[in-house]
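Chemist: Encoded as structure tokens, here's the structure I'll be asking about.
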Amino acid sequence: MFETIPQDEGKYLVTTESGSTYVFDLENRTVSRTPGPRSRPDFTDGTYRLIRVIQGTVGISGLWTMLPPTDELQSAFEYFWQATSPIVSIMRIQEPE
């Protein structure tokens with residue numbers, strides 16, 4: 001378990017109080033959201049290119065920026081924000097050998 005989302009390579013599963021989960025693939029610079037039982041589906045569900053993790057510490061709401069998923073949206077928005085309920089756990093995902 002980690003207290004903060006690492007800035008190195010690797011994959012990490014982040015779970016929030018709402019039950020939503022986020023998979024951070026830091027090697028490929030992506031983040032994927034799956035809504036939890038106490039959250040609503042959102043336009044940020046699915047996989048996005050990660051720009052920057054601003055806040056990613058257990059006990060505090062997560063906050064990061066992502067690229068819009070299409071060229072059309074990228075021409076309208078420089079980036080999207082993702083704000084979460086407080087993070088309850090951060091675990092490394094082991095890659096199968």
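The sequence shown begins at 1 in the UniProt record's numbering and counts up one residue at a time. Glycine included, C-beta positions come from ideal geometry on N, C-alpha and C. Note that the structure is predicted; figures quoted are calculated from it, not measured.
Enumerate in chain order the residues of its own chain whose CB-to-CB distance from Thr44 is below 6 Å, with the five nearest sequence positions on each side excluded.
Modeler: Result list for Thr44: Arg33 and Gln82, in chain order.
Chemist: What does Asp25 pair with, by DSSP beta-bridge criteria?
Modeler: DSSP lists Lys11 and Thr30 as partners of Asp25.
Chemist: List the residues that DSSP assigns as beta-bridge partners of Pro86.
Modeler: Paired residues: Ser61.
Chemist: Per the DSSP calculation, Phe80 is bridged to which residue(s)?
Modeler: Paired residue(s): Met66.
Chemist: If you reduce the DSSP assignment to three classes, tell me which class Gln55 lands in.
Modeler: DSSP places Gln55 in strand when its eight states are reduced to three.
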